[in-house]
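Student:
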Amino acid sequence: MAENVFIALQNNPDARPIIEAIVDDNPAAVVNDSPGMVKIDCPKRLVIRRRTVEEKIGGEFNLQDIHLTLISLAGNIEEDDDEFVLHWNI
Amino acid sequence: MADKPRRLNLNQKYQLMTRGLDWETTYQSMDDVFPYDKYEGIKIKDWDKWQDPFRLTMDAYWKYQAEKERKLYAILDSFAQNNSQLNISDARYMNAVKIWMQGVTPLEYAAFRGYAMLGRGFRGAGARVACQFQSIDEMRHYQTQMHAFSHYNKFFNGFRQYSRIRDRAWYLSIPKSYFEDAVTAGPFELITAISFSFEYVLTNLLFMPFVSGAAYNGDMATTTFGFSAQSDESRHMTLGLEVIKFMLEQHEDNLPIVQRWLDKWFWRGYRLLGLVGTMMDYMLPKKVMSWRQAWEIYWEESGMALFNDLSRYGLRPPKYHEVATKEKYRITHEFWSTIYQFSHATALYTWIPTNEELDWFSAEYGELFDTVYRPRYEYWAELHKNGERFFQKRLPVVCNVCQIPIFHTMPDDPLMNCCLVTEYKGTKHQMCSQGCKDIFDHEPEKYCQAYIPPQQIYQGNCGGATLEAYKEWLHIKEEETGEYYGSEDHRMWEEWKAQAAGTAVASA
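Protein chains in written order, with the working numbering: chain A, 7 to 96; chain B, 741 to 1248.
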């Protein structure tokens, strides 16, 4: 079985650039649409890069702003100013 | 020109704002100041190894929470101003919201109290800060949910006198006893029970498929507070995972204690979530996914990935998780069948699903549904048609641990009722499953004192020894109980829909 990590975000305009950045930076990511919610699964490791999100929105982005649209997640978290990583140590 | 002052990075900021805030006490011993964080046997060598992976600090916390609240209340206000209660899929749906308010919202308040206790109880400052955030979060969830429900209270039954119902309703001892069990344990067990077993492993099942279902059923108010709460939950879940790793990294003696807590609280949480599964399967007229499918995604996939990750510490998946997986085909049907027979003694309505819904169940649950549950529903529907809506005349026997009526069946035989008995100090205690019996047998002195509502009621301690006297004591009115079709909610809903249709014709 694929050992997926996942992140779920609200389906709204604030989350859309984050979702696009995740898709760009994680080729194995699978996006599942559900009413009001987008859940993104990815085998073992998923990264959100600040720079990619900034390219999408054409301005500055603070990674901690994902708290405003975050619904849920699964995986160990590593976060610094540039990257937010979810991973399983398997 | 002077250099712009360099901003602290996230890690530096976190270190500065969560460390060195406390001190080693000298007038009193640390053990006297923090008297509860050792007796459970959990050994901590270095509290500074505690890390919050989100590196959330107080300033950022207030900023994000304020922003979330602004958005939430703007939506709730707009929902109320626009009479959006008329846009839900069907008034049957409101019963899921009633269960939420009667059963889940008081848990938020209980969690607020529990985490306030933990925010004082641990001697590590990082842990205390995280628990204080969570305590404030839980109070926020309680308040936002009450605010959202206050609007529904104007239009539907079942929302009034929630605090009396919380204290007195027999069926609400299911969620209530769950939390009371947790907060009467020690601090490490409490945080393992709630932050890890409940929030990490299980609440996704409530806040993701169910809340997405609320969105699909047009309930913008519940969707909004649900997702807003869950964004806090993702922080709590992360705390829960860190707690487990922290305890296991600190000392090898902690492993068997933590494993036993995981076994216990997985099972207690799973039993409680049977109610959520029932809300999803039966109370969402428009379906997003079935309980079976949600269990496969959130437990069999995500839960197992989590326990594979944790196996490096020597942890194994919780005991009886295979039983829970076997029960995925039946637990919501057994639960609904039970609520259906007892809803005259609750502030809820129940009904037999429509034919289209029964077909959906057949597709989702297969042969077992068609051979066991569907015929039962068809039989009850026939009785109802003949004016003999079926209700039980007496309250059920409930499990001494999870307090759910003993309706569950044997793991390998969905036609055989499961009731296990432990005799302790001359009294027989009934349990619904081996999972609950193990919990009782490990701490019989705790659970033999459990307040079991049906027993108290029939001893005459709740207004009188009959169901009628009890209902009076509960202040439940006939019109807010029992069968949905023909109920006050149903009649009002039909009138509102007819009005809306009439207006549309007139303006055409």
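By construction, the Cβ of each residue, glycine as well, lies at the ideal position given by its N, Cα and C atoms.
Count the other CB atoms, across all protein chains shown, that sit within 10 Å of the CB of ALA1241 (chain B); report buried if there are 16 or more and exposed otherwise.
Tutor: Under a 10 Å Cβ-count criterion, ALA1241 (chain B) is classified as exposed, with fewer than 16 other Cβ atoms of the shown protein chains found around its own Cβ.
Student: Taking C-beta pairs closer than 9 angstroms, name the residues in chain A that ARG759 (chain B) reaches, listed in chain order.
Tutor: Per Cβ cutoff of 9 angstroms: no residues; ARG759 (chain B) is ~18 angstroms from chain A at best.
Student: Can you list, in chain order, the residues of its chain with a C-beta nearer than 6 angstroms to that of PHE965 (chain B)? Leave out the 5 residues immediately preceding and following it.
Tutor: THR884, GLN885 and ALA888
Student: Ignore the nearest five residues each way along the sequence and tell me which others in ARG904 (chain B)'s own chain have a CB closer than 8 angstroms to its CB.
Tutor: These residues qualify, in order along the chain: LEU1214 and HIS1215.
Student: For LEU52 (chain A), would you say it is in contact with chain B, using Cβ-to-Cβ distances shorter than 8 angstroms as the test?
Tutor: no
Student: Residues of chain A with CB closer than 9 angstroms to the CB of MET948 (chain B), please, in chain order.
Tutor: ALA14, SER40, MET43, LYS45, ILE77 and SER78
Student: Do the CB positions of THR859 (chain B) and ARG853 (chain B) come within less than 8 angstroms of each other?
Tutor: Thr is not the amino acid found at residue 859 (chain B); the sequence shown has Gly there. Taking 8 angstroms as the cut-off, the Cβ atoms of GLY859 (chain B) and ARG853 (chain B) do not count as close.
Student: Output yes if chain A places a C-beta closer than 8 angstroms to the C-beta of ARG1052 (chain B); else output no.
Tutor: At least one chain A Cβ lies under 8 angstroms of ARG1052 (chain B).
Student: Candidates B:SER974, B:LEU812, B:ALA925 and B:GLN1033: which alpha carbon is nearest GLN874 (chain B)'s?
Tutor: It is B:SER974.
Student: Among A:CYS48, A:ALA35, A:GLY65 and A:ILE77, which one has its Cα closest to the Cα of ARG56 (chain A)?
Tutor: Answer by Cα proximity: A:GLY65.
Student: Can you name the residues of chain A whose CB is closer than 9 angstroms to the CB of ARG795 (chain B)?
Tutor: Neighbourhood of ARG795 (chain B) in chain A, by CB distance below 9 angstroms: GLN70, GLU85 and ASP86, in chain order.
Student: Pull up the DSSP beta-bridge partners for GLU1223 (chain B), would you.
Tutor: B:THR1090
Student: Within a Cβ cutoff of 8 angstroms, which residues of the same chain sit near TRP1035 (chain B), ignoring the five residues on either side of it in sequence?
Tutor: LEU945, GLY1017, ALA1064, THR1065 and LYS1068
Student: For a test of the three-state rule: what should DSSP assign to THR75 (chain A), helix, strand or coil?
Tutor: coil
Student: Taking the CB atoms as reference points, tell me whether TRP1091 (chain B) and TYR1224 (chain B) lie closer together than 8 angstroms.
Tutor: yes
Student: Between LYS1068 (chain B) and chain A, is the shortest Cβ-Cβ distance under 8 angstroms, so that the two count as touching?
Tutor: False, the Cβ-Cβ gap to chain A never drops below 8 angstroms.
Student: Could you check which residue in A:VAL11, A:GLN16 and A:ASN10 has the C-alpha nearest to that of VAL951 (chain B)?
Tutor: Closest by alpha carbon: A:GLN16.
Student: Curious, which full-length beta strand (DSSP E) runs of at least 3 residues does the segment 969 to 1004 of chain B contain?
Tutor: none
Student: Taking 8 angstroms as the CB-CB limit, is GLU66 (chain A) close to chain B?
Tutor: no
Student: Which runs of the beta strand (DSSP E), 3 residues or longer, sit entirely within the segment 1166 to 1207 of chain B?
Tutor: Counting whole runs of 3 or more residues, the segment 1166 to 1207 of chain B contains the beta strand (DSSP E) stretches 1167 to 1171.
Student: So, are the CB atoms of PRO927 (chain B) and PHE862 (chain B) less than 8 angstroms apart?
Tutor: yes
Student: Going by other Cβ atoms of all chains shown within 10 Å of its Cβ, with 16 needed for buried, is PRO1025 (chain B) buried or exposed?
Tutor: buried
Student: Could you check what DSSP says for LYS1068 (chain B) in three-state terms: helix, strand or coil?
Tutor: helix
Student: How close, in whole Å, do the beta carbons of ASP87 (chain A) and ASN749 (chain B) come, if the pair is a contact with beta carbons under 8 angstroms?
Tutor: 5 angstroms
Student: Spell out whether any CB of chain B is found under 8 angstroms from the CB atom of ILE96 (chain A).
Tutor: Residue contact with chain B for ILE96 (chain A): present (Cβ-Cβ distance below 8 angstroms to some residue of chain B).
Student: Assuming GLY958 (chain B) and ILE828 (chain B) are in contact, meaning their beta carbons sit under 8 angstroms apart, how far apart are those beta carbons, in whole angstroms?
Tutor: Between GLY958 (chain B) and ILE828 (chain B), the beta carbon gap of about 5 angstroms places them in contact (Cβ cut-off 8 angstroms).
Student: Compare the beta carbon distance of ALA1085 (chain B) and LYS838 (chain B) with 8 angstroms and say whether it is the shorter of the two.
Tutor: Their beta carbons are not under 8 angstroms apart, which means ALA1085 (chain B) does not touch LYS838 (chain B) by this criterion.
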